[in-house]
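Peer 1: The opening position of the sequence shown corresponds to residue 7 in the working numbering, with each subsequent residue numbered one higher.
The beta-carbon is built from N, C-alpha and C at its ideal position, and this holds for glycine as well.
Quick one: the structure is below, and I'll ask about it shortly.
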Amino acid sequence: MFTVTTITSMQSDFQSGFVALFGKPNAGKSTLLNALVGEKMAIVSPKVQTTRHRIKAFLNNDHYQIVFSDTPGIIEPKYKLHQKMMHQVKNALEDADIALLLYDLTDPDLFEADDLFASLRLKVPAIVICNKVDAVKPPLVKEAIKFFKEKSYVKEVIAISAAQKSGLDGLIEKILKFLPIGMPFFDTEDMSDLPTKFFVSELIREKIFEIFHEEVPYHTAVLVQEFKEKTTLIKIQADIIVHRETQKLIVIGEKGKMIKRLGTEARLEIEKFLEQKVFLELFVKVRPKWRDDELKLREYGYQ
Ligand code: GDP
Ligand code: MG
């Protein structure tokens with residue numbers, strides 16, 4: 007009887023809820039997510055649109071479980087793939103208890119940001135996060151804070167540097183003000199609801215963004231076909247799906263130089279992430295117009 011009472015009182019003020027990150031491509035959503043959960047959950051790249059999937063990450067402790075979701079950037083639906091990305095943005099919105107609206111201080115168009123945030127017609131409390139304080143002069147930060155504080159859809163405004171991990175404690179405090187009381191939604195031992203295979207394919211995709219230029223990264227999907235834990239290492243086989251024969255040639259490179267480099271660099275990242283030795287095998291496959299193909303999009307995980 008006593009134990010039951012103790013458990014109930016312990017959990018009576020436990021907070022649990024969903025927080026969605028929004029903002030223009032490059033605002034720093036993935037960097038913030040990584041900084042908050044302390045692991046490389048979302049891939050970070052200086053190129054736009056690297057985050058195609060909705061990534062959930064959990065911040066757990068004795069008092070709360072915050073489930074963050076990273077979203078693809080807010081963009082015009084040009085291709086089917088883009089429509090799917092916008093759909094995911096809306097999904098994230100509908101799920102969330104709180105929306106974090108990221109404003110990039112180094113891309114300072116207050117009115118454009120206001121238009122974008124207002125157009126979301128949020129029904130949930132919103133916290134505007136002015137990111138990249140490390141890269142701008144203080145008066146600009148002050149002006150942005152003042153500007154957003156006056157907006158009706160904004161509950162709180164905060165300035166941070168996701169890259170330098172400054173201002174994050176203050177952010178958690180503000181999030182907790184709006185987070186409902188309740189039991190955790192996910193196992194508090196877990197860090198994410200996504201399978202390891204997903205992170206492996208994202209790490210390979212991140213390398214593709216680093217190594218290749220122009221349209222190649224945007225026309226590429228990565229599909230992990232095999233993930234086998236052996237006694238001494240993990241064997242991973244992944245397909246790199248491109249649109250065109252010419253892109254396949256670029257990815258493979260002269261005498262296989264590029265694919266070899268990609269394989270080595272991706273393997274090192276995956277080994278760091280899994281903390282295990284990895285044998286990585288990559289195949290390049292041509293699938294014309296995969297971005298517009300409903301079935302293939304589904305197969306590659308862009309539901
Ligand atoms: P996302 O598209 O919103 O997910 O943005 P990313 O997290 O991928 O970041 C885009 C770029 O902005 C990357 O080059 C980051 O290193 C950079 N960045 C993110 N946060 C900060 C920050 O606080 N300060 C500075 N100077 N750069 C940042
Ligand atoms: Mg991102």
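Got a sec: does the ligand GDP put a non-hydrogen atom nearer than 6 Å to the Cβ of residue 31?
Peer 2: Checking the Cβ of residue 31 against the ligand GDP gives yes.
Peer 1: Going by the C-beta, is residue 23 closer than 6 Å to any heavy atom of the ligand GDP?
Peer 2: Not under cutoff, so the answer is no.
Peer 1: I'd like to know whether the C-beta of residue 154 is nearer than 7 Å to at least one C-beta of chain D.
Peer 2: Of the protein chains in the structure, only one exists, and it is not chain D.
Peer 1: For a test of your reading of the model: does the CB of residue 245 fall under 6 Å from any non-hydrogen atom of the ligand GDP? Yes or no.
Peer 2: Outside the cutoff, so no.
Peer 1: So does residue 37 have its beta carbon nearer than 6 Å to some heavy atom of the ligand GDP?
Peer 2: Under cutoff, so the answer is yes.
Peer 1: Is residue 265 helix, strand or coil when you go by DSSP?
Peer 2: Helix, per DSSP.
Peer 1: Taking C-beta to C-beta, are residue 209 and residue 275 nearer than 7 Å?
Peer 2: Yes.
Peer 1: Taking the alpha-carbon positions, what's the residue 171 to residue 261 distance?
Peer 2: If you take the alpha carbons of residue 171 and residue 261, they lie about 42 Å apart.
Peer 1: Which residue's Cα is closest to the Cα of residue 267: 243, 217 and 242?
Peer 2: Here the closest residue by C-alpha is 217.
Peer 1: In the DSSP assignment, what residue or residues form a beta bridge with residue 24?
Peer 2: Partner(s): 73.
Peer 1: Taking 6 Å as the cut-off, is the beta-carbon of residue 140 closer than that to any non-hydrogen atom of the ligand GDP?
Peer 2: Yes; taking the cut-off as 6 Å, the Cβ of residue 140 has a heavy atom of the ligand GDP nearer than that.
Peer 1: If you measure between the beta carbons of residue 160 and residue 130, is that distance less than 7 Å?
Peer 2: Result no, Cβ atoms of residue 160 and residue 130 do not sit closer than 7 Å.
Peer 1: Of the choices 38, 25 and 21, whose alpha-carbon is the least far from that of residue 174?
Peer 2: That would be 38, whose Cα lies nearest to the Cα of residue 174.
Peer 1: In chain order, what residues of the same chain lie with their CB nearer than 8 Å to the CB of residue 139, ignoring the 5 residues before and after it?
Peer 2: For residue 139, where only same-chain residues beyond five positions count, the Cβ hits under 8 Å are 111, 147, 165, 166, 167, 172 and 173.
Peer 1: In the DSSP assignment, find the unbroken beta strand (DSSP E) run with residue 32 in it and report its ends.
Peer 2: Taken as a continuous stretch (DSSP letters only), residue 32 belongs to no beta strand (DSSP E), as it is neither H nor E.
Peer 1: Could you compute how far the alpha carbon of residue 214 sits from the alpha carbon of residue 76?
Peer 2: Whole-angstrom Cα-Cα distance: 20 Å.
Peer 1: Can you give the Cα-Cα distance for residue 64 and residue 184, rounded to whole angstroms?
Peer 2: If you take the alpha carbons of residue 64 and residue 184, they lie about 17 Å apart.
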